[in-house]
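Note sheet for the following structure.
Numbering (our numbering), first residue to last: 0 to 143.
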């Protein structure tokens with residue numbers, strides 16, 4: 000999926016799926032999977048680049064417009080940070096997730112399955128996990 004400086008792609012590995020997410024910001028970037036309504040019940044990964052390093056967090060949609068770290072709900076951080084870049088006002092984050100982490104707050108990824116994907120980003124220089132989104136979009140995709 001791509002457009003307006005947004006893009007995301009994925010690659011299935013042996014026991015992980017690697018995602019690359021790009022958004023038109025120097026702030027945070029997020030991707031969410033399969034909400035039941037708005038943001039609720041979705042598995043989120045949020046990330047930003049600070050001093051050249053990727054900072055990521057594994058979250059869960061605990062309400063229609065809210066999310067919290069899996070840790071606060073008794074889950075675990077199952078995201079593996081790979082790399083992040085900021086270039087000419089565009090941030091790219093690359094991370095991997097287990098296909099099935101066993102965490103009740105994480106999505107199970109199965110090749111050939113359709114997922115509703117939410118993408119969002121924060122304002123310029125919003126390097127945190129709490130600032131409201133400046134832009135968002137969603138799409139239904141089959142991960143294969």
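All C-beta atoms, glycine included, are put in the ideal place defined by N, C-alpha and C.
Counting C-beta pairs closer than 8 Å gives three or more between the stretch 83 to 95 and the stretch 22 to 29, which meets the contact rule.
Looking at the backbone, the Cα of residue 125 and that of residue 12 are separated by about 31 Å. Around the beta-carbon of residue 102, 16 or more other beta-carbon atoms lie within 10 Å, marking it buried.
Counting of Cβ neighbours within 10 angstroms places residue 106 among the buried residues, the total reaching 16 or more. Under the criterion of beta carbons closer than 8 Å, residue 118 and residue 30 qualify as touching, at roughly 6 Å. Spatial neighbours of residue 93 in its own chain (CB-CB distance under 6 Å, excluding positions within 5 residues in sequence) are listed in chain order as 19, 81 and 82. Runs of the beta strand (DSSP E) lying entirely within the stretch 49 to 81 and spanning at least 3 residues, in chain order: 52 to 59. In the three-state reduction of the DSSP assignment, residue 46 falls in the strand class, which pools E and B. In the structure shown, residue 108 adopts coil according to DSSP, grouped into three states. Residue environment analysis places residue 100 among the buried positions, since at least 16 neighbouring C-beta atoms fall within 10 angstroms of its C-beta. If only uninterrupted beta strand (DSSP E) runs of at least 3 residues are considered, those enclosed by the stretch 0 to 24 are 5 to 11 and 15 to 22.
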